[in-house]
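Worksheet: the structure to be examined is printed underneath.
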Amino acid sequence: MHGVRKSVDSVVAVLVSAGVHAWIKRHECRRVLFNTKNSFFLIGPLLLTLVNFEVENLAYMLVCMQWMDLLWAASFYSRFFLCYAPFYGLPGALLLFVAVRVLESHWFVWITQMNHIPKEIGHEKHRDWASSQLAATCNVEPSLFIDWFSGHLNFQIEHHLFPTMPRHNYRRVAPLVKALCAKHGLNYEVKPFLTALVDIIGSLKKSGDVWLEAYLHQ
1 MHGVRKSVDS
11 VVAVLVSAGV
21 HAWIKRHECR
31 RVLFNTKNSF
41 FLIGPLLLTL
51 VNFEVENLAY
61 MLVCMQWMDL
71 LWAASFYSRF
81 FLCYAPFYGL
91 PGALLLFVAV
101 RVLESHWFVW
111 ITQMNHIPKE
121 IGHEKHRDWA
131 SSQLAATCNV
141 EPSLFIDWFS
151 GHLNFQIEHH
161 LFPTMPRHNY
171 RRVAPLVKAL
181 CAKHGLNYEV
191 KPFLTALVDI
201 IGSLKKSGDV
211 WLEAYLHQ
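Numbering-wise, the UniProt record's numbering puts 93 at position 93 of the sequence shown, and it's gapless, one number per residue.
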């Protein structure tokens, strides 16, 4: 599972994490300005790569003094605006950059969260590593289109177990992982693509209702 203050995916948990466990104390719920599902749809897809990733990457390069990375990043922005500003002007090029980032962000959020949001988020339960990974995520049924569209992240279980493995190999190792899970009685969950997307909405509604109940009765 994604442990609060332990998983790297929960660094911004106060803003984007959703789960039925009210791990923030009830008296702290006044920090919640709106329902979880509204927070997800209004903030997450729009701003994740556009703001969080851009700011986070820049902060990392500056704090860790990764000057070569910073130089390459600066060259990307320079080349982007040098390429498009002559055609659209500086405001038009900036608008194009924002539009591309918003589109990318929507894709990224839906593709990654269909494997994560319906799963557990809470405090550490001191389970073994493999069981924790299987509790944290699920797979989406593979197909040529889904594999391509998701960048092979539909094999999210394998991605958690083998994070450095090239993604195109996930399909090959998935049957082996599934057989090993069956042998040891571990749950290996696979969902249809549309079911995984619908489960995001259902999970957000359930989490939002829990937060709202805690907020109204604090």
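Beta carbons: idealized from backbone N, C-alpha and C, even for Gly. Here the structure is a predicted model, which is why all the values come from computation and not from measurement.
query	result
Is the segment 104-118 close to the segment 171-184, with three or more CB pairs under 8 angstroms?	no
With I146 and F193 assumed to form a contact (beta carbons below 8 angstroms), what rounded beta-carbon distance in angstroms separates them?	6 angstroms
Confirm, please, whether the CB-CB distance from L153 to V102 is below 9 angstroms.	no
Any idea if P175 is buried or exposed, counting beta-carbon neighbours within 10 angstroms, 16 or more meaning buried?	exposed
Determine which residues share a DSSP beta bridge with residue 223 and list them.	This structure cannot settle anything about residue 223, because the visible part of the chain is limited to 1 through 218.
What does a CB cutoff of less than 6 angstroms around L48 pick up in its chain, not counting 5 residues either side in sequence?	S105, V109
Pairs of beta-carbons, one from the segment 188-205 and one from the segment 124-140, closer than 8 angstroms: are there three or more?	yes
Going by C-alpha to C-alpha distance, which of A85, L96, H184, L216 sits closest to L134?	H184
Rounded to the nearest angstrom, what separates G202 and F155 at their Cα positions?	22 angstroms
Taking the CB atoms as reference points, tell me whether H159 and R167 lie closer together than 9 angstroms.	yes
State yes or no: is the C-beta of V177 within less than 9 angstroms of the C-beta of I157?	yes
Going by other Cβ atoms of all chains shown within 10 Å of its Cβ, with 16 needed for buried, is A74 buried or exposed?	exposed
Should E28 be labelled buried (16 or more other beta-carbon atoms within 10 Å of its own) or exposed?	At E28, the pLDDT of 49 sits below 50, so the modelled position is not reliable; the number obtained from the coordinates is stated separately. That one is exposed.
Compute the beta-carbon to beta-carbon distance between Y88 and L82, rounded to the nearest angstrom, for a pair I have assumed lies under 8 angstroms.	With 8 angstroms as the limit, Y88 and L82 do not qualify as a contact, their Cβ atoms being about 12 angstroms apart.
Tell me whether L204 is buried or exposed, calling it buried when 16 or more other Cβ atoms sit within 10 Å of its Cβ.	buried
Whose C-alpha, out of V98, A179, L186, is nearest the C-alpha of S132?	L186
Counting along the chain, where does the alpha helix (DSSP H) carrying M65 start and finish?	No alpha helix (DSSP H) contains M65, which DSSP labels as neither H nor E.
Buried or exposed for G208, please, with buried defined as at least 16 other CB atoms from any protein chain shown within 10 angstroms of its CB.	buried
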